[in-house]
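J.: Residue numbers (the working numbering): 3 to 112.
(1) Please report how far the alpha carbon of residue 19 lies from the alpha carbon of residue 68, in whole angstroms.
(2) What did DSSP end up calling residue 49 once you bin it into helix, strand or coil?
(3) Using beta-carbon positions only, say whether residue 36 and residue 52 come within less than 8 Å of one another.
(4) Sort out for me which residues DSSP pairs residue 58 with in a bridge.
(5) What does a CB cutoff of less than 7 Å around residue 27 pick up in its chain, not counting 5 residues either side in sequence?
(6) Can you name the residues that DSSP bridges to residue 12?
(7) By how many angstroms is the C-alpha of residue 21 removed from the C-alpha of residue 86?
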């Protein structure tokens, strides 16, 4: 993982939710590492929900959006739902403009 993108994990008391928080820039340079790390966490856990907090992501590109979709798809195969929470303005805009809001549990573009 790069120094420019950090993932931290927190387990929930409910035994159902694994929370991950991303911070920094999420782009072509770091997206594969983020995808692999989040996918491994989702597939290895006993949790049924992976909530990814993207409030501290300062930039996201289309490749990184694709990586998050890959995480969602791989997690679904393991019976784990994925949602994005607390999107920073650049993340929310990118998700909405690309039409991916609904699959991540975010509001669509107005």
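Even glycine gets a Cβ: it sits at the ideal position worked out from N, Cα and C. Fair warning: this is a prediction, and the values are worked out from it, not measured in the lab.
T.: On the basis of the coordinates in this document:
(1) Cα-Cα distance, rounded: 23 Å.
(2) Here residue 49 sits in coil by DSSP.
(3) Not closer than 8 Å, so no.
(4) Residue 58 is bridged to 25.
(5) Cβ within range, chain order: 6, 7, 60, 61.
(6) Residue pairing by DSSP places residue 12 opposite 21 in a beta bridge.
(7) Taken atom to atom, the span from the alpha-carbon of residue 86 to that of residue 21 is near 10 Å.
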